[in-house]
Structures are given as structure tokens and as C-alpha cells.
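Undergrad: After the C-alpha cells below, expect a handful of questions from me.
In our numbering, the protein residues as written are -8 to 592.
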């Protein structure tokens, strides 16, 4: 027996050694490719921001800070979330929450001072919800005892804790933005904002809460379509005129001006009139049996139906009221609502898709609030295997003849590629960052090296000119033979139309399948990008490098992570110990009570 185990272990070690040697060989080859690619081309896309230490540059960047934030004091907040689920007897308990840290950066002296502020006892430092759900209600959405429903018609609540966490984070940000006395001008969020927008944007057929009654009327498909058409911003040209969900642009124009001449819209968009009408027909045709169409077509004119004039405020109030009940009042009953089925009214649990719709509404709400109050909203993530920069962005830009470079095999992810760069360029110092690129490139790619450019499933493209992405490194020490480095982090930044509407360029992608897509481009490090400079400057101030586990990571987000983990530990203990309550009410007591009630009858 011993010899067999020994053979198994030695065989496993041999397999590991072979795999490790092969990996090191491949990595070495690709690292050499990365060095050559950087020297011949990619260095033009890297911005060395270590000159922030220069006194003249500091004065210049401080003037930019005061211009953007209208003050020499910048209030900031950092948001992180946590979630948990556990089985207690015949129940599943779901928990999701978020935690916020706030403070301010004072620029009146040198160096700038960071001051953290405590929350008062009346203020919500966190948003927390815990939802105990009996197993009897986890699967079945039908009262039909002898009918087996297919899997897609069962409510899957097993991942609902992650949606509750995301919703808690969004609502905490929304709550801070709406409170004038607490409103920060700079918000850090431990999430990829572009990813949340894309992953929670589900079709109307999958939203089961359509028909829910709020404020005396039902939520209908028209409300959902109008909500999805947001955010609106004329200065950025959002929504855009691309073919995917072209009706978003039409809705935004009709909310500005109604009626609108069809021939005028067709000319603006540069599209065939028949194709235009086909792409927006769900707005003026009845999409739901009991609903009015959103727009009315009369001859060559489109009119906005007055019934939908207040649709967006209505949907926002639904989001606000739902989150207030769930996170502030801790009322889990808000997750249940009544629907009409087979001429009968019955209750059902919200599905994860319902929560995804609310997350989508919340994301659009905080984007518009940030634009309204000139708030710099930043999403930061530490870990990702994404290749949006090295594959999607560079591939598309070369196809559009904006860049010229030779094909080369780079390391497997953007992060592994960029973390090689400081090893080959001894003159590069922290902080440094890539140029920013539009998050629409997450969904744009080449199907072949010779084109064309396509979206996800051919046509799906994120709305351009909302969020830009970059990667940056904030810790790099070269006083040893091998430099000490923090990880490269991923940054999502919401564009600020008040300061950027005329400060960036766009590149036009004109494909028959996509229409005209115009993402933001800062083609190289010579292009001015003042808001990115301010962002890196502020993040560098907030990156203290005090804790080895988060070297090169903003300190406020680390503190928010601490708070979220403390919240997690306390709530986890509470949930785990609540099993005692269930054990004091065993099912046999319920059986006896039912028996006694039957006998009394």
C-alpha cells in the first residue's frame, strides 16, 4: 500500500515539475515579447506620473483640483461590500451589505493632508439586509401541487446574496450623493462599474416584477425600456446613435422635444427610414397586453405618450423605496410581491433578475447624480484576468489604422503584461498609468485579424462615452537589485461632462452591423487628459503603503474593506447562532400544534 501511495505522490510531483517548467518557458518567451512590444510601440501609451513630486507640477495639478472641485478641500468616500449565505435547518439565510468610509484631502499646505471623519450616530455608515427564506419557498413559484414546473420557471435564490451586496453598495453611494450635507466630491468603489452595467442589463422578458404595483400604478414594460435608455447627457451625446437599442437615443430626444419629425431623426442618425422604424417599433407598437405604447406615430411625426412623461422619476422612486425598506428598515417582506396568475393573486419572491433590474436602475441613478453634482466616481478592482486593453482595444485601434504594430504573443492578461514593463524600463517610476480607453471596447472585438469589428453576439455594444478604463501602479521601489512592486490595479472612471465635453476625441467605427459607434480615445500619452491626471494624483495621495497585503492600493478602500469584513463577522455570528432559535422550535412541535388545531375543528 505504501509503495502505491509513494508512486502516486512522485507521479504528481513529476507532473507538477513538467507543468511548471513549461509555464516558465512560455512566460519567459512572452516576457521578452512584451519588452520588445513596449520599446517599439506600447511606451507611447504609458504615462509616467512620478513628476507629481515636482513643485511646479504640484502647483499646476492643485489648480486643476480647485477648478474641478471648486475648493482646496476634497471630500471623499470609499465603499466596499460583503455577502454571506448559510443553511439553517429548513431555511436558507442570505446576507448582503456595504460599508462606507469618508474623509477629506486638504490642499492648503504641503504635503496635502488626509483626514478621516467619523459618522454621527444618526447617519447610515452601512446598508445591510438579511433574508431568511424557507426551503419550501426557494424552488416553487406555483401553487399547483401536482404539476412539475421546468427549471427556468423556478425561482433561483441561491446567488441572491451577491445581488443584495451590489444593490447595497449602489444604494449607499446613491444615499450619499442625495444628502447635500454628506455629499462627497470623490467616490472610490471596490467594483468595476462598466462590468456591473453590462452584466445586469437583462432583457424585459426576464424581469418578473413587471406588473408590480407601486404608488398606485403598475410597473410596465414601457417603464423598463425608459429606465434602460438612461443615463442621458447631451454634452456627451449619451445615449448614442449606434444601431443596438437605437430606441434609447429616440427616447432621450423625445424627452427633450416632442413631437419629433421622423425624417429629421433619420437624417441625424444617418440611417434608412425603414430600418429606423423597424428598430424602434417596440416603442409605438403595443409590447404588453395592458400597456399603452411609449410613443405615438402620426404621419411623419413621433409623439411621446404623456402617460410616460414621469416614468423615470416613478422608477427611481420604486428603487429608492425598495432599498429604503430592505436596507434601512430591514423589512424582508419587500422582497415579496403580488402578481396575477390564472385569474388569481398570489405572492412570489423576487428573482435574481428582478434584483438585477433594480441594480441597473441604481447604476443609472448614481451616474446621473454624479454628473449633476460634478462628482468624480471611480471604480477600482485588484484582481482580474481581463484582456480588454491588449486584445480588444489594441486590436480594434490597429484595424481602424490609429495604431501600427507587429503581431506578437503577449502575456496572458493585461495585468501580467503590464507588471513586466517596470522590469524592462528602469526609467519608469510610480505612479504610472496607461492611457484611458472607452469601456465600449469591452464589447468590441475583431472576429478576424482583417476585421470586421463586432460586438458581443455580433451586435451588443456597451454605450460609449460614459466610462473610461485604465490600469495603474502606485508602488515601485528600485533601491534593490530586483524592484519591489505593488500589483497593477484596474481603474474605471466616470467621465465628467462639465470638464471634458470638448477635451477628448472620438474614433468612429462605422460597420453595417453596428451602425456608428464613437468611443472616447486618448490615443497616446501626448494627449491632454486633465481629469485622469487629477484622478491619479488623488489616488497617489490616498495610497499610503502602510499594510503589506495591500501595497499600492488606496488606503480608504482598505479601511472600507476592514469595515465590511467586521460587518461580515458580526452578521455571520448572528446568523450562525440563530440556528439555536430554530432548534427551540423543532418541527415535531409544529406537527403537534397542527394536530391539536385539526382536532378542535
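All residues carry an ideal CB built from backbone N, CA and C; glycine is no exception. Computed from a prediction, not measured in an experiment: that's the story for all the values here.
When we look at the beta-carbon of residue 552 and count the other beta-carbons within 10 Å, is it buried (16 or more) or exposed?
TA: buried
Undergrad: Less than 8 Å separating the beta-carbons of residue 467 and residue 421?
TA: yes
Undergrad: Alpha carbon to alpha carbon, what distance is there between residue 567 and residue 500?
TA: 54 Å
Undergrad: I'd like the ranges of any beta strand (DSSP E) spanning at least 3 consecutive residues and lying wholly in the region 49 to 103.
TA: 64 to 79, 82 to 97
Undergrad: Using CA atoms only, rank isn't needed, just tell me which of 298, 70, 536 is closest to residue 211.
TA: Comparing Cα positions, the closest option is 298.
Undergrad: Apart from the five residues on each side of it in sequence, which residues of its chain come closer than 7 Å, Cβ to Cβ, to residue 415?
TA: 26, 29
Undergrad: Taking the runs of the alpha helix (DSSP H) that are 4 residues or longer, which of them lie wholly in the region 293 to 323?
TA: 302 to 314
Undergrad: Suppose contacts are defined by Cβ-Cβ distances below 8 Å. Is residue 504 in contact with residue 563 by that definition?
TA: no
Undergrad: Hey, how far is the Cα of residue 232 from the Cα of residue 61?
TA: The C-alpha of residue 232 lies about 34 Å from the C-alpha of residue 61.
Undergrad: Where does residue 252 fall in DSSP's three states?
TA: strand
Undergrad: Short of 7 Å in beta carbon distance, which residues of its chain neighbour residue 385, apart from the five on each side in sequence? Order them along the chain.
TA: 394
Undergrad: Classify residue 430 as buried or exposed, calling it buried when 16 or more other Cβ atoms lie within 10 Å of its own Cβ.
TA: buried
Undergrad: Does the beta-carbon of residue 538 have 16 or more other beta-carbons within 10 angstroms, so that it is buried, or is it exposed?
TA: exposed
Undergrad: What does DSSP give as the partner residue(s) for residue 464 in the beta ladder?
TA: 423
Undergrad: I need the boundaries of the beta strand (DSSP E) containing residue 506, first residue and last residue.
TA: 506 to 508
Undergrad: What span of residues does the alpha helix (DSSP H) with residue 180 cover, start to end?
TA: Element bounds for residue 180: not the alpha helix (DSSP H) but the beta strand (DSSP E), 177 to 180.
Undergrad: Could you please give me the residues that DSSP links to residue 483 through a beta bridge?
TA: 370, 460
Undergrad: Looking at residue 154: is its Cβ nearer than 8 Å to the Cβ of residue 309?
TA: Annotated as distal: residue 154 and residue 309, with beta-carbon spacing of 8 Å or more.
Undergrad: What residue range does the beta strand (DSSP E) around residue 287 cover?
TA: According to the DSSP assignment, residue 287 belongs to the beta strand (DSSP E) that extends over 286 to 289.
Undergrad: Does residue 377 come out as helix, strand or coil in the three-state DSSP assignment?
TA: coil
Undergrad: Less than 8 Å between CB atoms is the rule here; does residue 9 satisfy it with respect to chain D?
TA: The chain labelled as chain D is not found in the depicted structure, where only one protein chain is given.
Undergrad: Which same chain residues, not among the five before or five after residue 483, have their C-beta less than 6 Å away from its C-beta?
TA: 183, 184, 185, 370, 458, 460
Undergrad: Report the option in 197, 36, 272 whose CA atom is closest to the CA atom of residue 396.
TA: 36
Undergrad: From what residue to what residue does the alpha helix (DSSP H) around residue 500 run?
TA: It is not in any alpha helix (DSSP H) - residue 500 instead sits in the beta strand (DSSP E) that spans 500 to 502.
Undergrad: Jot down the residue ranges of each uninterrupted alpha helix (DSSP H) in the region 173 to 257, minimum 4 residues, whole runs only, in chain order.
TA: Note on the region 173 to 257: whole alpha helix (DSSP H) runs with a minimum of 4 residues are 184 to 190, 212 to 220, 238 to 247, in chain order.
Undergrad: Leaving aside the five residues before and after residue 579 along the sequence, list all residues of the same chain whose C-beta is less than 6 Å from its C-beta, in chain order.
TA: For residue 579, the predicted structure reports a pLDDT of 47, less than 50, and the residue's modelled location is therefore unreliable. A value from the coordinates is still provided. Hits under 6 Å: none found.
Undergrad: Taking Cβ to Cβ, would you say residue 201 is nearer than 8 Å to residue 354?
TA: no
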